[in-house]
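There are 2 protein chains.
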Amino acid sequence: MHKIPKLSDLRDDANLALLIRQVREGLMHQLERELTAIGVELNYSQYLVLKLLAKYGPQMPGDVARCLEHNAGAMTRLLDRLEDKGYVRRQPHAEDRRALSIDLTEAGQALWKTINNCSERIQNTAVRDLEQPERERLFDLLKRVRDTLEKTP
Amino acid sequence: MHKIPKLSDLRDDANLALLIRQVREGLMHQLERELTAIGVELNYSQYLVLKLLAKYGPQMPGDVARCLEHNAGAMTRLLDRLEDKGYVRRQPHAEDRRALSIDLTEAGQALWKTINNCSERIQNTAVRDLEQPERERLFDLLKRVRDTLEKTP
DNA sequence: AGTATGTAATTGCCTTGACAACTATTGTTA
DNA sequence: TAACAATAGTTGTCAAGGCAATTACATACT
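If you read the protein sequences in the order shown, they are chains A and B. The opening position of the first sequence corresponds to residue 538 in the working numbering, with each subsequent residue numbered one higher. The opening position of the second sequence corresponds to residue 538 in the working numbering, with each subsequent residue numbered one higher.
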């Protein structure tokens, strides 16, 4: 008769994918908690879209999708929801009649003022226990891993 | 009249969440590509469950779920699929009649022999451009970020 | 023992997001 | 310029996975 080992408290810390997943979950959870705490109903992706529009001005959905590593179909529906909430507006694109130009409405800009530093705060929380040079190293290492994976196929 | 900046090739590399997402996507994509290449129909999570069972022996679904940072309901359905494919078996747990003991079938063990080094290979690919000490640093930094986020609430 | 509380797995419901098919427009090439 | 390919956005369909409610069993408390 053989004893089943207790797995519960075991952690496979040599597994990069798992580690990544845990960090991701942590970041998303934290941001969404913070947003709901101040009464804002946005998920991570929606937040990032607003951030992008606030930072870089009006954009085409496809570009936003690519930038956020998102599928185009997903972006359509994400924008539907942001539009429903009144934070975002679809407008015809000046130079390409297939395309759209998405921009923030007044409500969107107002909202942004109140949530503008959320993700920075979360990110700072996440790296709270790292020294500044360690933070830079983390980013550098992650970038290199990403780039390696990207050009692998 | 103001020019809309070209976003397409722009990369917000200061965004931890985005970077994490890109790495995650890369890892998952790579693994699933490799699996389908050898004719195995498994997604990342299913793969990890098999790995866990192969490595640590029979386990309770709940423990597997916790270990893989998964929801219990999701685990139920994930196991349904693995059971459909015949890789895994649910058996009554010896000491707790609420619980189950999941173990690999013969087919599951045979499969594992053929895919056993997949995730290691992917992971090695991912960190291919890092020196050994850099790899260790990456893991260390990620673990610390995860732990920080975990005890933040 | 008897009740309350906790835990294991399952299920229904829902959201997110991927993929592929489709339409409309643009760009390219013969 | 006519045909063809590429691109922008939308839509249907689907799988993954989270959450809450439920059922069955286990543990703790008194």
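Each residue gets a CB set at the ideal place from its N, CA and C atoms; glycine is no exception. From a predicted model like this one, the values you see are computed outputs, not experimental measurements.
- When secondary structure is reduced to three states using DSSP, A/Asp640 falls in the strand class.
- Residue environment analysis places B/Asp600 among the buried positions, since at least 16 neighbouring C-beta atoms fall within 10 angstroms of its C-beta.
- Residue state for B/Arg627 is assigned as strand, using DSSP reduced to three classes.
- A contact is defined here as three or more CB-CB pairs under 8 Å, and the region 575-592 of chain B fails this definition with respect to the region 581-590 of chain A.
- Of all residues in the region 648-670 of chain A, only Ser656, Ile659, Gln660, Thr662, Ala663, Val664, Arg665, Asp666 and Leu667 come within less than 9 Å of chain B when Cβ atoms are compared, listed by chain position.
- Fewer than three beta-carbon pairs drawn from the region 564-573 of chain A and the region 559-569 of chain B are found closer than 8 Å, and the two stretches are therefore not classed as touching.
- Within chain B, no C-beta atom comes nearer than 9 Å to that of A/Leu572; the closest sits roughly 14 Å away.
- B/Pro598 is the residue among B/Pro598, B/Leu553 and B/Ala647 whose C-alpha sits nearest the C-alpha of B/Gly610.
- For A/His566, the uninterrupted alpha helix (DSSP H) segment begins and ends at Leu553 to Ala574.
- Between the alpha carbons of B/Arg603 and B/Leu615 lies a gap of roughly 14 Å.
- Taking 8 Å as the CB threshold, A/Gly610 stays off the interface with chain B.
- As DSSP reads the structure, A/Gln583 sits in no beta bridge.
- For B/Pro598, the enclosing alpha helix (DSSP H) covers residues Pro598 to Cys604.
- When the alpha-carbon of B/Thr651 is set against those of B/Tyr624, B/Glu671 and B/Gln596, the nearest one is in B/Tyr624.
- Proximity of A/Arg626 to chain B, defined by a Cβ-Cβ separation below 8 Å, is not satisfied.
- A direct Cα-to-Cα measurement between A/Lys622 and A/Lys592 gives close to 20 Å.
- Around the beta carbon of B/Ala663, 16 or more other beta carbons lie within 10 angstroms, which makes this residue buried.
- For the pair of segments examined, the region 641-658 of chain B was found not to touch the region 642-661 of chain A: the number of CB pairs separated by less than 8 Å stays below three.
- Relative to the Cα of A/Ser582, the nearest Cα in the group A/Arg618, A/Arg683, A/Ala551 and A/Leu555 belongs to A/Arg618.
- Nearest Cα to A/Arg626 within the set A/Ser638, A/Glu632, A/Arg558 and A/Asp633: A/Ser638.
- At a Cβ-Cβ threshold of 8 Å, B/Arg665 and A/Thr613 do not count as neighbours.
- Between A/Glu671 and B/Leu678, the CB-CB gap stays under 8 Å.
- Among the CB atoms of chain A, none fall inside 8 Å of the CB of B/Asp633.
- By the beta-carbon neighbour count (other beta carbons within 10 angstroms, threshold 16), A/Ala554 is buried.
- Counting the other CB atoms within 10 Å of its CB gives B/Gln596 a total of 16 or more, which places it among the buried residues.
- A residue is called buried once 16 or more other Cβ atoms fall within 10 Å of its Cβ, and B/Asn608, having fewer, is exposed.
- Non-local beta-carbon contacts of B/Leu605 in its own chain, meaning distances under 6 Å to residues more than five positions away in sequence, involve Leu585 in chain order.
- Against chain B, the beta carbon of A/Arg614 has no neighbour under 7 Å; the closest one sits roughly 18 Å away.
- Judged by their CB atoms, B/Arg561 and A/Arg558 are nearer to each other than the 8 Å cut-off.
- Of all residues in the region 554-573 of chain A, only Ala554, Leu555, Leu556, Ile557, Arg558, Gln559, Val560, Arg561, Glu562, Gly563, Leu564, Met565, His566, Gln567, Leu568 and Arg570 place a beta-carbon less than 9 Å from a beta-carbon of chain B.
- Under the three-state reduction of DSSP output, A/Asp684 falls in the helix class.
- In this structure, A/Gln628 is the residue among A/Gln628, A/Arg683 and A/Ser656 with its C-alpha nearest to the C-alpha of A/Leu641.
- Chain A has a Cβ within less than 8 Å of the Cβ of B/Leu675.
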